[in-house]
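**Q** Under this note's numbering, the first residue of the sequence shown carries the number 13, and numbering increases by one thereafter. For glycine and all other residues, C-beta sits at the position ideal for the given N, C-alpha and C.
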Amino acid sequence: MLKKFISVIFILILIFVIFFEENTFNKTVQVNEQGVLNETPKNSYDEMTETSLTGSDKIAQTVTFAPEFTLTDMSGANVNLSDFKDKIVILNFWATWCPPCREEMPAMQKFYEQNKENGIEIVAVNLTNIDNGVQAVESFVQDYGLTFPILLDKDGVVGNMYGILTLPTRYILDPEGGVIQKIVGPMNEQMMNEIVNSIQMDGKEHGE
Numbered sequence: 013m014l015k016k017f018i019s020v021i022f023i024l025i026l027i028f029v030i031f032f033e034e035n036t037f038n039k040t041v042q043v044n045e046q047g048v049l050n051e052t053p054k055n056s057y058d059e060m061t062e063t064s065l066t067g068s069d070k071i072a073q074t075v076t077f078a079p080e081f082t083l084t085d086m087s088g089a090n091v092n093l094s095d096f097k098d099k100i101v102i103l104n105f106w107a108t109w110c111p112p113c114r115e116e117m118p119a120m121q122k123f124y125e126q127n128k129e130n131g132i133e134i135v136a137v138n139l140t141n142i143d144n145g146v147q148a149v150e151s152f153v154q155d156y157g158l159t160f161p162i163l164l165d166k167d168g169v170v171g172n173m174y175g176i177l178t179l180p181t182r183y184i185l186d187p188e189g190g191v192i193q194k195i196v197g198p199m200n201e202q203m204m205n206e207i208v209n210s211i212q213m214d215g216k217e218h219g220e
C-alpha cells in the first residue's frame, strides 16, 4: 500500500514538474517577444524592409526618408544629416567595444578613400551614451586611421530615433535622403561596392 502511495505521489510530482517547465518556457518566449516589440520605436522605420545585398531589382522600394538630426563631430562642430544631401550615404551606427564594428572598419575606411570623390559618403554615428566615453572613440579613430565623419550620439537620441537594437546597423540613403536599405551586421568592401553600384544603376535606369 505504501509503495502504491509513493508511486502516485511520484507521478503527481512528475506531472507538476513537466507542467511547470512548459509553462515557464512559454512565458519566457512571450516575455522575450514582447520585450523586442516594446523596445522597437514606433516610427517611420516600422515599415522598412531588409533586402539582399546584390542586384538593383532586389533593392527595397523606398518607404520613408531618413529623419533629420544634428550631432557634434570629433572636433565639436555641429553636423546635420542634411549636410550630405545629394550623396549616397552609408549611415553607420557603431561602438568601440563592438567586435563586428571593429572588424568592418578597415574595409569601410578603404571603401571611403576610393569613393569619397564619387558622390558617396560614410557617416558613422557612435552611440557614445553606451560606449566607453569620448576618449575611447578618439583613440579608436586614431588607431584605425578613420577619416570619414564620426558623429557622437552622446544622449542616445539618434540611436533611439532610428530604432537601433543591434550593432553595427546601417541605413543606406539615396541622394535625396530616402532610405533604400537597412543592414544589420558587419559589411565588407565587396558588399558596399555592390550596394552602391546597384543604387547607381537604378538611378541610371530611371534617368537620374
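#1: The beta strand (DSSP E) with E133 in it runs from where to where?
#2: Taking only three categories from DSSP, how would you classify K122?
#3: Does DSSP put L185 in a helix, in a strand, or in coil?
#4: The beta strand (DSSP E) with D85 in it runs from where to where?
#5: Does the segment 125-144 come close enough to the segment 99-110 that 3 or more CB-CB pairs lie under 8 Å?
#6: Would DSSP call G171 helix, strand or coil?
#7: Taking Cβ to Cβ, would you say Y174 is nearer than 8 Å to F105?
#8: Is there contact between the segment 187-200 and the segment 148-168, where contact requires at least three CB pairs shorter than 8 Å?
#9: Assuming F96 and V135 form a contact by the criterion Cβ under 8 Å, report the distance between their Cβ atoms to the nearest whole angstrom.
**A** The structure says:
#1: Start and end: 132-138.
#2: DSSP places K122 in helix when its eight states are reduced to three.
#3: In the structure shown, L185 adopts extended strand secondary structure according to DSSP, grouped into three states.
#4: Judged by DSSP secondary structure, D85 falls within the beta strand (DSSP E) whose first and last residues are 82-85.
#5: Touching, yes.
#6: DSSP places G171 in helix when its eight states are reduced to three.
#7: In this structure, F105 lies closer than 8 Å to Y174 by Cβ.
#8: They do not touch, by the three-pair rule.
#9: The Cβ separation is near 6 Å, so the contact holds.
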